[in-house]
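Undergrad:
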Amino acid sequence: DMPQILPLMLDEATATDFDILALNADSIQMYHNHGHQVRPISLPDDAPQTLKGTLGTEIRGGETNSVSQGGGRVTHHGHNEKSAEKASDQRRFYQAVDQYVLANHSNPHKMPLVLMGLAENVAVFREISKNHHLLPKLAVVKSPANLDFVELDDLLTPVRDTLRDRRRQNFARSSKMLAEMTATRITWKKSFKQPLPDESPFFCPIRRTDSCAS
2 DMPQILPLML DEATATDFDI LALNADSIQM YHNHGHQVRP ISLPDDAPQT
52 LKGTLGTEIR GGETNSVSQG GGRVTHHGHN EKSAEKASDQ RRFYQAVDQY
102 VLANHSNPHK MPLVLMGLAE NVAVFREISK NHHLLPKLAV VKSPANLDFV
152 ELDDLLTPVR DTLRDRRRQN FARSSKMLAE MTATRITWKK SFKQPLPDES
202 PFFCPIRRTD SCAS
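Each number in the numbering used here comes from the position in the sequence shown (counting from 1) with 1 added on.
#1: Within the same chain, show all residues whose beta-carbon is closer than 7 Å to that of R40, passing over the 5 residues directly before and after it, in chain order.
#2: For H110, name the three-state secondary structure that DSSP assigns.
#3: By the 10 Å Cβ neighbour count, where 16 or more other Cβ atoms means buried, how is F150 classified, buried or exposed?
#4: Please look up how many angstroms separate the CB atoms of V115 and L139, rounded, as I've assumed it's under 8 Å.
#5: Could you give the distance in angstroms between the alpha-carbon of P145 and the alpha-carbon of E86?
#6: Whose C-alpha, out of L156, M117, K143, E152, is nearest the C-alpha of P137?
#7: At which residues does the beta strand (DSSP E) containing I42 begin and terminate?
#8: Relative to the C-alpha of K83, which candidate in G62, Q100, R93, N108 has its C-alpha closest?
#9: Grouping DSSP H, G and I as helix and E and B as strand, with all else coil, what is Q30?
#10: What did DSSP end up calling T51 once you bin it into helix, strand or coil?
#11: DSSP three-state call for P145: helix, strand or coil?
#12: Quick one: what does DSSP say K138 is sitting in, helix, strand or coil?
#13: Check G118 in the structure and name its three-state DSSP category.
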């Protein structure tokens, strides 16, 4: 049966199916790659696609830089405080994105997830992410803003190559283990001249009147 099974395993092992999460500081987009083709994923209106649409009135790092305290008093936000508020907004936005992607894409489809974005945005997302399908050491470190599909396709080529190589290596290891298990089984059959039980995790080479448990 091996000649028929191996080509199917190899074809599965060399497939490059994965999702791409393109990160801007205040917006996201998703794509799906199959083989050498990439296409956008259409997200529903209730998906967290933009920071403003997701946080709404809970945005803390807006454009205003002063807050009225009553009695004519106004408290001005400093630059450091403003930056911290914007960073907090971005983290909360990314947390909503992470939860959505995990629940609606990664878990249902069991697809690897690759990040695309500026290094600082990728780092923030990795820090907050709970998605176990997110590939830990693979990302496209490039701003996704204003990318056309030709540029996107070129940027994904190294990712495809890396995933294909990894899966080929996994296939080679699995094939080697299968061959070793088959050889071991044949050796045991020849040594004891009786078949191994198909559903038994081991073969007990003693007389039938004896007990393996003893």
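No residue lacks a Cβ here, since even glycine has one placed at the ideal position from N, Cα and C.
On a predicted model such as this, the values are computed, not experimentally measured, just so you know.
TA: The relevant details are as follows:
#1: On the sequence shown, residue 40 is found 39 positions in, with the first residue counted as 1. Leaving aside the five residues that flank R40 on each side, the residues in its chain whose CB is nearer than 7 Å to its CB run, in chain order, Y32, H33.
#2: Taking the first residue of the sequence shown as position 1, residue 110 is located at position 109. It is helical.
#3: Within the sequence shown, residue 150 is the residue found at index 149, counting from 1. Exposed: under 16 other Cβ atoms inside 10 Å.
#4: Residue mapping note: residue 115 aligns to position 114 of the sequence shown, counting from 1. Residue mapping note: residue 139 aligns to position 138 of the sequence shown, counting from 1. Indeed they touch by this definition, with Cβ atoms about 6 Å apart.
#5: Working through the sequence shown from its first residue, we reach residue 145 at position 144. Working through the sequence shown from its first residue, we reach residue 86 at position 85. Looking at the two C-alpha atoms, the distance is approximately 24 Å.
#6: Counting from one through the sequence shown, the residue named residue 137 turns up at place 136. Nearest C-alpha to P137: M117.
#7: Stepping through the sequence shown from its first residue, residue 42 is reached at position 41. 38-42 is the span of the beta strand (DSSP E), which, as asked, contains I42.
#8: Position 82 of the sequence shown, counted from the first residue, corresponds to residue 83. Out of G62, Q100, R93, N108, G62 has the C-alpha closest to the C-alpha of K83.
#9: By one-based count along the sequence shown, residue 30 stands at place 29. Three-state result, Q30: strand.
#10: Residue mapping note: residue 51 aligns to position 50 of the sequence shown, counting from 1. Reduced to three states, the DSSP call for T51 is strand.
#11: For the purposes of this step, residue 145 is taken as the residue at position 144 of the sequence shown. Residue state, collapsed to three classes: coil.
#12: Your numbering for residue 138 matches position 137 in the sequence shown. K138: strand per DSSP, three-state reduction.
#13: On the sequence shown, position 117 is the one that residue 118 refers to. Strand, per DSSP.
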